[in-house]
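Since the structure comes first, as structure tokens, the remarks are kept for the end.
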Amino acid sequence: MREADAACEFRYQLNVEDAYTIRDFDLVVFADAMSVGEDGVALTEIGPSATIAFTTHEMSPASVLALCHELYGRAPRAYTLAIRGFEWDMGEGLSERGRANLVRAADILRRFLDEQ
Amino acid sequence: MGRKITIEPVTRVEGHGKVTIHLDDAGKVTQSRFHIVEFRGFERFIQGRPYWEVPVLVERLCGICPVSHHLAAAKATDIIAGVGPGELTPTAEKMRRLMHYGQMFQSHALHFFHLASPDLLFGADADPAIRNVIGVALWHKDLAVQGVLMRKFGQEIIKATAGKKIHGTGAIPGGINKNLSPEERDAFLKAPDPLNADTMVAWAQAAVDFFRDFHKKNIALIDGFAAFPSHHLSLVRKDGALDFYHGALRAVDAAGKKVLDDVDYQDYLKYIGEDVRSWSYMKFPYLRALGKADGWYRVGPLARLNTCDFIPTPLAQKEFEIYKAYTGGKPNNMSLHTHWARLIELLHAGEVVRDLLHDKDLQGTALVKKGRKAREGVGLLEAPRGTLFHHYRINADDQITMANLIVSTTHNNEPMNRAVNWVAMNVLDGKKDITEGMLNRVEIAIRAYDPCLSCATHALGRMPLAIELYDARGALLDRKER
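In order, the protein sequences belong to chains A and B.
With positions in the first sequence counted from 1, the corresponding number in the numbering used here is that position plus 1103.
With positions in the second sequence counted from 1, the corresponding number in the numbering used here is that position plus 1153.
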């Protein structure tokens, strides 16, 4: 995949307008920190799901896909890139293990996109 | 055996909340409460930080309404920096207003189209699987599309003025750190349909028309549901106009008599007290002149349209006149009319954004002023959910030594409890079977206030969600946890 074919956006949290944002893309990767689960990085394909989280503070990637599908008649192919983190108290910088996972995640993403 | 019914979490509000309803052995309601189970300590941990960090620190209270905190903190630290209200440069004042009205626009659109409309469109007894934003998209696609794009438009205004959509850095003590370039302005004024300011105003008008039509077909529900008398408080401009960004404090009683008027909010502590109760982390503000028991009040769209004398944009003013005529010019005390008031405010915000975008002062280059530093400052504005207070003190080293935040949802703590109690008494009382629709009516009552529970209690980290069932003697019968 050429760099010109990709766009990267930062979100504090996903919300309803992200259904509009992703509507014309063929592939979307939702990357985020993960606070539970095994150490490491997980790249997982996901599909639309109409299960709404109980508050709109957190619209899940799957529900954004579902809303996109309902509003615009299609939803892109989508993956989550979950990056395990370890220290969540207030402070600055990443933990060593978190930083190592971030580096690993960037490598996995780069190789994944090169395969598309 | 009496039962305690708990709804937890309350769906489609921001944050986490719990409702408990106590029934006696005959199934009659003895008590109902809206509990806030989160706790946050922003007022403590910003102490020691330099005051100029406050506008970007405290907005992290919330990911849904950070602009309100950003601007209220900026207004408070303006005073500390020696720049009083009305003393900002024209560019700074108008950039902040554009930021604020942009966030009012997107917040009100998000709330109505995606939080409240599922209940109105499908009814409180509808299948929960469709009574959400996906269901609105499925069955009322045009409405859902407009809601998404109105939210997006407002978020882009915020990005252009604050630097980022969430947790921006645009407002600083004494001013602003960027203006609006001609290119940024034209992106909003000249964008092809639908993402331009004129279309946003047209859609906001259509939203008001939609609600008025819905109201006509559902008068008993909209008028009767959780209607109860109360005082109302908001900021009002000097001439009595609705103004979200600045004004003086005004409070009216349920009949419209002014109980507070033209109060400089720097003196708020003389007029507003905060009560604490054992069963909630959220405080209970009250008007000191009326005491703790009787001094509670509503804030937000319903309150604002009860306290102001007029709306200074033509389309919203026309709707305001229709709205006021419905209650014969008297204050409106019907909880679900908050949605009507919110949509009139949506229209007003759209008109202000459109008109401000034509103001050449936004391209000005004088961004910041400085004055004689003070040790204390109070910043007040009308956030989407109601009046927001930020109050700070500093020491000789410019470090924060005291912070007091009274957020909109906290002001509405007692009203939300009253609304829950209304539903408990009128819908749940004496019933043998509790349906999902009955429980959803409790949530409808709370959702009318568009509460932001994270703001109200400064939650940190993950909160356990528990459902607890007690008998009339307080013995735990059952517990479920998410």
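Just so you know, even glycine gets a beta-carbon here, dropped at the ideal spot from N, CA and C.
- Of the candidates N1557/B, D1550/B, S1488/B, the residue whose Cα lies closest to the Cα of D1603/B is S1488/B.
- Between V1207/B and M1252/B, the CB-CB gap reaches or exceeds 8 Å.
- Under the Cβ distance rule, R1304/B counts among the residues neighbouring chain A, one pair being separated by less than 8 Å.
- For A1350/B against R1507/B, the beta-carbon gap comes to about 4 Å, under 8 Å, which counts as contact.
- Residue-level contact check: A1153/A touches chain B, since one or more beta carbons of chain B fall below 8 Å from its beta carbon.
- For A1122/A, the CB contacts under 7 Å within the same chain, skipping 5 residues up- and downstream, are V1167, L1170, C1171, L1174 in chain order.
- With distances taken between CA atoms, D1192/A lies nearest to S1138/A out of S1138/A, L1117/A, R1114/A, Q1116/A.
- Residues of the segment 1127 to 1141 of chain A with a Cβ closer than 7 Å to any Cβ of chain B: none.
- Around V1521/B, the same chain offers G1327, G1328 as residues with beta carbons nearer than 6 Å, after the five sequence neighbours per side are excluded.
- When the Cα atoms are used, A1598/B and Y1476/B turn out to be separated by approximately 20 Å.
- Unbroken alpha helix (DSSP H) stretches of 4 residues or longer found wholly inside the segment 1179 to 1245 of chain B: 1195 to 1198, 1207 to 1210, 1219 to 1233, given in chain order.
- The alpha carbon of A1134/A has as its nearest neighbour, out of A1181/A, L1197/A, R1126/A, the alpha carbon of A1181/A.
- DSSP lists no beta-bridge partner residue for Q1256/B.
- Neighbours of I1310/B in chain A, taken as residues at a C-beta separation under 9 Å, are lacking, since the least C-beta distance is about 13 Å.
- According to DSSP, residue pairing for K1171/B in a beta bridge involves H1188/B.
- When rounded, the separation of the alpha-carbon atoms in G1377/B and S1185/B is 19 Å.
- The criterion of a C-beta distance shorter than 8 Å is not satisfied by V1132/A and N1204/A.
- For R1546/B, the uninterrupted beta strand (DSSP E) run begins and ends at 1539 to 1547, by DSSP.
- Cβ neighbours of I1211/A within its own chain (closer than 8 Å, five residues either side excluded): V1144, L1146, L1184.
- Taking the C-beta atoms as reference points, G1194/B is found no nearer than 8 Å to Q1552/B.
- In this structure, the alpha-carbon of K1343/B lies about 11 Å from that of P1335/B.
- G1453/B sits away from Y1439/B, with the two beta carbons spaced by 8 Å or more.
- Taking the C-beta atoms as reference points, V1361/B is found nearer than 8 Å to L1500/B.
- For N1593/B, the enclosing alpha helix (DSSP H) starts and ends at 1589 to 1600.
- The residues L1388, A1401, L1402, V1531, L1533, F1542, in chain order, have a CB closer than 8 Å to that of Y1418/B in the same chain once the five nearest residues on each side in sequence are set aside.
- Across the structure, L1273/B and N1557/B are spaced so that their CA atoms are roughly 37 Å apart.
- Note on geometry: alpha-carbon atoms of E1474/B and A1572/B lie some 26 Å from one another.
- Under DSSP, L1440/B forms a beta bridge with I1425/B.
- The secondary-structure analysis by DSSP pairs Y1182/A across a beta bridge with V1132/A, E1148/A.
- Within the DSSP bridge table, the entry for F1364/B names no partner.
- Note on F1189/A: under 16 other CB atoms within 10 angstroms of its CB, so exposed under the neighbour-count rule.
- Under the 10 Å beta carbon count, T1518/B is surrounded by fewer than 16 other beta carbons and is classified as exposed.
- With respect to chain A, the C-beta atom of H1261/B has no partner C-beta closer than 8 Å.
- Nearest C-alpha to A1226/B among G1216/B, F1275/B, E1212/B, K1445/B: E1212/B.
- Straight across, the Cα-Cα distance linking T1314/B with Y1450/B is about 33 Å.
- For V1301/B, the enclosing alpha helix (DSSP H) covers residues 1294 to 1315.
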